[in-house]
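Colleague: What follows is a single structure, and I will ask about it in a moment.
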Amino acid sequence: MLVLAHLGNSYGISPFVFYLLNSLLNQRNKAYTTTLQVIAEITQSKTTMKNKKVFLFLSFGIFIISLTQKSYCTSGGTCEYFSGLLSLIFGWIGVFMLHLPAFPWIANPILLLSWITFNKNQKISFISSITAFLLMLSFLLVDEIIDNEGGTTAKVIFYDLGYWMWLLSSFIMLIGNFITYKKSENKIGLKQLK
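This is the structure we're talking about:
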């Protein structure tokens, strides 16, 4: 019953319709129960596959576009902008130098892991998308970052479109994983009803 109540809320079924379905199931009419399970499973499997593709391609596309945009501005006398591509290519250097403000760069390979495992291992994809999003979000806490190859730091004074798109790509993947995870959880609940 709990699974059907959750499905009812997920698909916008009114309380009255849910009450009727509940009454039918309480009468232990196997034909109705089996039909409802089959309909719910078919609906969920089609929606899940469609959502997976949409979320995966949207997240990847926004990430690629973010690489072409300016990501943040530092105070190096004049406002010097850093593109997303430069940040992606050279960000690992700050991590290698153990420069703490550069650690949000690690979100890039973690997001890649989430994309790769999205269709294969839902749990790993979900955990990695949460981790990537939190690491990307932590860049907002950065006050100073390495500004040039000499290792000098400068204050981050502005986050530009590239950063927000980078963050959005991770957030979309997180939402896609959450929805897919919830729908697969509902499938498991339906199988236990049989």
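Using this note's numbering, read the sequence shown as starting at 209 and increasing by one per residue. C-beta: ideal position from N, C-alpha, C; glycine also.
#1: Do S291 and M381 come within 8 Å of each other at the CB atom, strictly closer than that value?
#2: On the three-state DSSP scale, how would you describe V350?
#3: Please go through the same chain and pick out, in chain order, the residues whose beta-carbon is closer than 7 Å to the beta-carbon of I314, but skip the five residues on each side of it.
#4: From G384, S377 and F386, pick the residue whose C-alpha is nearest to that of I273; which is it?
#5: Measuring straight from C-alpha to C-alpha, what distance separates F341 and I354?
#6: Between F263 and I383, how many whole angstroms is the CB-CB distance? I'm expecting something under 8 Å.
#7: Using the beta-carbon count (16 or more within 10 Å), is M305 buried or exposed?
#8: Using the C-alpha atoms, what's the distance from F271 back to P312?
#9: Output yes or no for whether 8 Å exceeds the beta carbon distance between F326 and Y389.
Modeller: Quick answer:
#1: no
#2: coil
#3: V303 and L343
#4: S377
#5: 22 Å
#6: 7 Å
#7: exposed
#8: 15 Å
#9: no
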